[in-house]
Amino acid sequence: MLGVLALSLPIVGMLIDMPWAQVPEILTSETAMQALGVSLRTVAISTLICVLLGVPLAVFMSRLNGKGGELLRIGVTIPMVLPPVVAGLALLSTFGKRKLLGEQLSLLGIDIAFSATAVVMAQVFVAMPFLVTSLEASLRSNRTSHAQISATLGASPSYTLFHVTLPMMMPALVSGTALAAARCLGEFGATLTFAGSLEGRTRTIPLAIYLQREVDPDTALALALVLLVLAVIVVSLTARGRVVSRPS
Amino acid sequence: MKKILSLGASVLLALSVAACSDDADEASGDEHRDITVMIAASMCGIAESAEADVEEDLGIDVTTVCAGSSDLAAQIEAGNETDILITANQKTADQIIDGDRGTQLDMIATNELVVVVPAGNPAGTTGFDESMNAADLVVCAPQVPCGDVSRQLAELNDLTLEPVSEEGSVTDVLGKITSGQGDVGLVYRTDANAAGDAVEVIDIPKSEEIPNQYPLVIVDSEEADATEQAWIDAFTTGDGKQRMEDLGFTTP
Chain W
0 MLGVLALSLP IVGMLIDMPW AQVPEILTSE TAMQALGVSL RTVAISTLIC VLLGVPLAVF
60 MSRLNGKGGE LLRIGVTIPM VLPPVVAGLA LLSTFGKRKL LGEQLSLLGI DIAFSATAVV
120 MAQVFVAMPF LVTSLEASLR SNRTSHAQIS ATLGASPSYT LFHVTLPMMM PALVSGTALA
180 AARCLGEFGA TLTFAGSLEG RTRTIPLAIY LQREVDPDTA LALALVLLVL AVIVVSLTAR
240 GRVVSRPS
Chain V
0 MKKILSLGAS VLLALSVAAC SDDADEASGD EHRDITVMIA ASMCGIAESA EADVEEDLGI
60 DVTTVCAGSS DLAAQIEAGN ETDILITANQ KTADQIIDGD RGTQLDMIAT NELVVVVPAG
120 NPAGTTGFDE SMNAADLVVC APQVPCGDVS RQLAELNDLT LEPVSEEGSV TDVLGKITSG
180 QGDVGLVYRT DANAAGDAVE VIDIPKSEEI PNQYPLVIVD SEEADATEQA WIDAFTTGDG
240 KQRMEDLGFT TP
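In order, the protein sequence lines correspond to chains W and V. Take the first sequence: its position 164, counted from the start at 1, is 163 in numbering that gives the first Met the number 0, and no numbers get skipped. Take the second sequence: its position 41, counted from the start at 1, is 40 in numbering that gives the first Met the number 0, and no numbers get skipped.
What follows is the structure in structure tokens.
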């Protein structure tokens, strides 16, 4: 019971503090619309990249056994547990304007610094592990027996993948994608460290909240409400994923 | 052996009596007590040195809380107990004073804005001029004090800033420059000094006209008591004053 209080009280406090009367006006303000725009655009792209790169990785990992699989799993999980600022530093050290890859890319005419690309890279780096680990766990617990049966019945590996494995992992894919999208949306430290903050270009909702809090706590709270609502949606999506994936 | 022990004991006794009488002299009328000091992040380092000095001299515990000025003000407004507040701008101090939560005593230091470029000046910035806009310019957002000063200085020098990023704090700006991600940035002289050889510093014309001020506020009281005054003295005079000047602050 105390646990429930510890987890819910701050949210209740925020909702009580919320300047409800001004919320519509604040959320349609230039500042909010710009931040919302940047967030929605980058999160959509980041989530897509997470799925495109993450699904094959999860499938591959679920088939790996032994030391190699263990090591890969640790490697994939690391960005997830790193403090976000450290994730930002890692990106900066690798893709920074005057660093190893950044300099080469810049010669090719690709400038990542202070661009929406940098925001997407930060989001993908911290969010993809959420999708990969949840999907891999589900594949590992569900796949083997069904895939084996499918194989013994004479199905080819690709037929098994598309007709048995992938349909079975849909619920986990939905919840994993939702988790990754939520993480992208909330990403703050890595974005700030790596991509900077400019209205309309790199300033996502969390960055706008952080900045507005300096001058206008009400706007910060109203923007926080957007993230809160989206979080609720994501949690309900992942909850549904769990229910459906329960083996019958 | 016994003799040595008794000798030791009497020395200890004599010492502690001396210490007691010493304390009694100093405290005359006002007992020293543990205090809490909230201080702007840019002065955190020197506050910790002063804390060590005062703790040793008075035998009390000083708690130093370092954070951005608006975070500190928000904490005090939310009811956090503290004795002394030093902010990095007058506006934040006024917030506390206008809310009847404190009294301003002094302006203890000022700081000024400078241009910083990464070592080697890769973008060839020539000063506080159009060359900054041609490069990746990083400044503080207008919402935070250093951004406010940046904008005023640009106006004063007939320049429109075209940044690629507006950061939430001066340390974020500096980080972009020391990492080489940004080509040129606007930060306080003290932060530029702290970065050492990683950056080169270029002065800004008329920067002394818009200094960044550090007011000292006694929280929930009208004047400093003996302990608070002892801390203030340790921080703003003698070694403390020297420490501030070494970092690049201008002291009155």
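C-beta atoms are modelled at their ideal positions from N, C-alpha and C, and glycine is treated no differently.
Simplified DSSP assignment, three categories, for residue i
i: M17 (chain W); result: coil
i: N211 (chain V); result: strand
i: V75 (chain W); result: helix
i: I44 (chain W); result: helix
i: G184 (chain V); result: strand
i: S164 (chain V); result: strand
i: A118 (chain V); result: coil
i: D105 (chain V); result: strand
i: D202 (chain V); result: strand
i: T91 (chain V); result: helix
i: L63 (chain W); result: coil
i: A197 (chain V); result: helix
i: T62 (chain V); result: strand
i: N79 (chain V); result: coil
i: T249 (chain V); result: strand
i: T159 (chain V); result: coil
i: I85 (chain V); result: strand
i: M256 (chain W); result: Coverage of chain W is limited to positions 0 through 247, which leaves residue 256 (chain W) absent and any answer about it impossible.
i: M169 (chain W); result: helix
i: M37 (chain V); result: strand
i: V143 (chain V); result: coil
i: L112 (chain V); result: strand
i: L136 (chain V); result: strand
i: I217 (chain V); result: strand
i: K240 (chain V); result: helix
i: T128 (chain V); result: The amino acid at residue 128 (chain V) is misidentified as Thr; the sequence shows Asp. Three-state DSSP puts D128 (chain V) in coil, outside helix and strand.
Own chain partners of residue i with C-beta closer than 7 Å, once the 5 adjacent residues on each side are dropped
i: G167 (chain V); result: A140, V143
i: A134 (chain V); result: A122, T124, D182, V183
i: T159 (chain V); result: A153
Nonlocal neighbours in the same chain, by C-beta distance under 8 Å from residue i, ignoring five residues either side
i: R200 (chain W); result: V37, F113, S114, A115
i: L91 (chain W); result: K98, T192, F193
i: D16 (chain W); result: L220
i: T159 (chain W); result: A146, S149, A150
Check whether residue i and residue j have beta carbons under 9 Å apart
i: L112 (chain V); j: S206 (chain V); result: yes
i: P210 (chain V); j: N110 (chain V); result: yes
i: T190 (chain W); j: A117 (chain W); result: yes
i: Q122 (chain W); j: T41 (chain W); result: yes
i: L138 (chain W); j: S61 (chain W); result: yes
i: G53 (chain W); j: G175 (chain W); result: yes
i: P83 (chain W); j: E186 (chain W); result: yes
i: E165 (chain V); j: G195 (chain W); result: yes
i: I25 (chain W); j: P18 (chain W); result: yes
i: C145 (chain V); j: V163 (chain V); result: no
i: L56 (chain W); j: V85 (chain W); result: no
i: L215 (chain V); j: D105 (chain V); result: yes
Closest by C-alpha distance to residue i, when choosing among the options
i: G87 (chain W); options: W:L106, W:V119, W:I232, W:P170; result: W:V119
i: G44 (chain V); options: V:G58, V:L57, V:A66; result: V:A66
i: E208 (chain V); options: V:G174, V:D232, V:S164, V:E154; result: V:E154
i: G174 (chain V); options: V:D105, V:L136, V:T235; result: V:L136
i: D202 (chain V); options: V:G126, V:G247, V:S130, V:S69; result: V:G126
i: M13 (chain W); options: W:A136, W:A223, W:A57; result: W:A223
i: P156 (chain W); options: W:L1, W:S45, W:A43, W:V58; result: W:V58
i: E76 (chain V); options: V:L57, V:I96, V:I59; result: V:I96
i: G188 (chain W); options: W:P170, W:A89, W:I109; result: W:A89
i: L210 (chain W); options: V:D56, V:Q151, V:S69; result: V:S69
i: A171 (chain W); options: W:G67, W:E135, W:F124; result: W:E135
i: L57 (chain V); options: V:G237, V:K90, V:A233; result: V:A233
Own chain, CB closer than 6 Å to residue i, minus 5 neighbours either side, in chain order
i: V233 (chain W); result: A177, A181
i: N176 (chain V); result: Going by the sequence as given, residue 176 (chain V) is Ile instead of Asn. V115, P117, G184, V198.
i: V61 (chain V); result: I34, E50, V53, E54
i: W230 (chain V); result: V53
i: S130 (chain V); result: T124
i: A108 (chain V); result: Y213, M243, F248, T250
i: S20 (chain V); result: Caution is warranted here: a pLDDT of 44 is assigned to S20 (chain V), below 50, making its placement in the model unreliable, and the coordinate value is therefore given only provisionally. So no residue of the chain qualifies.
i: I59 (chain V); result: H31, D33
Heavy atom of the ligand PLP within 8 Å of residue i beta-carbon
i: D16 (chain W); result: Judged by which ligands are present, the structure shown has none, so any question about the ligand PLP falls away.
Say whether the stretch 213-229 of chain W touches the stretch 145-164 of chain W, bearing in mind that this needs 3 or more beta-carbon pairs closer than 8 Å, one atom from each stretch. No, because fewer than three Cβ pairs between the stretch 213-229 of chain W and the stretch 145-164 of chain W fall closer than 8 Å, the two stretches do not touch.
Count Cβ pairs between the stretch 38-51 of chain W and the stretch 172-186 of chain W that sit closer than 8 Å; are there 3 or more? Contact between the stretch 38-51 of chain W and the stretch 172-186 of chain W is present: 3 or more CB-CB pairs across the two stretches fall below 8 Å.
Do the stretch 90-103 of chain V and the stretch 164-181 of chain V touch if we need at least three Cβ pairs shorter than 8 Å? No, they do not touch.
Could you tell me whether the stretch 188-198 of chain V touches the stretch 74-92 of chain V, using the rule of 3 or more Cβ pairs below 8 Å? With a cut-off of 8 Å on Cβ pairs, the stretch 188-198 of chain V is not in contact with the stretch 74-92 of chain V, counting fewer than three such pairs.
Just checking, does the stretch 70-81 of chain V make contact with the stretch 30-45 of chain V on the three C-beta pairs under 8 Å criterion? Per the Cβ contact rule, the stretch 70-81 of chain V is in contact with the stretch 30-45 of chain V (3 or more Cβ pairs under 8 Å).
Cβ pair count under 8 Å reaching 3, the stretch 124-138 of chain W against the stretch 75-88 of chain W: By the Cβ rule, the stretch 124-138 of chain W counts as touching the stretch 75-88 of chain W, because three or more pairs are nearer than 8 Å.
Quick test of the definition: if touching needs 3 or more C-beta pairs under 8 Å, does the stretch 241-250 of chain V touch the stretch 216-225 of chain V? No, the stretch 241-250 of chain V is not in contact with the stretch 216-225 of chain V.
Within 8 Å, do at least three Cβ pairs link the stretch 204-215 of chain W to the stretch 19-39 of chain W? With a cut-off of 8 Å, the stretch 204-215 of chain W and the stretch 19-39 of chain W count as touching, because enough Cβ pairs lie within range.
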